[in-house]
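Visitor: In the numbering used here, each residue carries its 1-based index in the sequence shown increased by 91. In this text, a Cβ means the ideal position worked out from N, Cα and C, and glycines have one as well. Predicted model, so just to flag it, every value in this text is computed and none were measured.
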Amino acid sequence: MDLHETRFRLSEDSVLDKTGLRKDILSLIYSYRFTKIKVKDGDREVWIYGGPERDYVIIPRAFCSCMDFAIRVVSRGEAPYCKHLLGLEVARRLGKYREVEVEVQDLIKVVREVFTKGFSRTLRRILYKY
């Protein structure tokens with residue numbers, strides 16, 4: 092699967108039909124685990140999936156930092172997307188996500204923590220304030 096096929100499949104309304112979604116995808120959406128982090132006074136934004144054990148950086152319709160995406164989507168080409176990309180698409184359409192504005196230094200810190208530690212304490216502190 093390539094990036095264009097992933098985007099095409101995620102944009103199909105039939106894929107995002109709520110009645111056909113697996114229970115694990117619905118739990119991601121309705122527990123508000125997706126967070127849109129916007130930079131104050133800028134046009135940059137990053138999406139984070141905040142899981143109970145690990146966090147993932149997501150670029151809508153293109154990338155997720157989870158192992159399933161790396162292995163099944165990128166390496167083996169077995170699937171067009173992971174459950175986090177699908178969940179994010181549904182969450183965005185339903186408005187079931189959190190949104191925060193931060194300074195660019197905080198955004199960099201959150202992304203760095205997710206990639207190096209797999210979990211962002213900084214993100215949890217930011218969300219606690221909201």
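Identify the continuous alpha helix (DSSP H) that holds G178 and give its terminal residues.
Guide: Where G178 is concerned, the enclosing alpha helix (DSSP H) stretches over 174-185.
Visitor: Going by DSSP, what residue range makes up the alpha helix (DSSP H) through R203?
Guide: Taken as a continuous stretch (DSSP letters only), the alpha helix (DSSP H) holding R203 covers 195-208.
Visitor: For a quick check, are the C-beta atoms of V148 and L198 less than 7 Å apart?
Guide: Not closer than 7 Å, so no.
Visitor: State the Cα-Cα distance for the pair E204 and K174, rounded to the nearest angstrom.
Guide: If I take the Cα positions, the gap works out to 22 Å.
Visitor: Who are R189's beta bridge partners in DSSP?
Guide: Partner(s): T126.
Visitor: Any contact of the region 123-143 with the region 179-194, i.e. 3+ C-beta pairs under 8 Å?
Guide: Counting Cβ pairs under 8 Å, three or more are found: they touch.
Visitor: What are the boundary residues of the alpha helix (DSSP H) that includes I217?
Guide: Taken as a continuous stretch (DSSP letters only), the alpha helix (DSSP H) holding I217 covers 212-220.
Visitor: Can you name the start and end residues of the beta strand (DSSP E) that E136 belongs to?
Guide: 136-141 is the span of the beta strand (DSSP E), which, as asked, contains E136.
Visitor: Leaving out five residues before and five after R212 in sequence, what residues of the same chain have Cβ atoms less than 7 Å from its Cβ?
Guide: Hits under 7 Å: E204.
Visitor: Give the DSSP-derived three-state secondary structure of D132 in the structure shown.
Guide: In this structure, D132 counts as coil in the three-state DSSP scheme.
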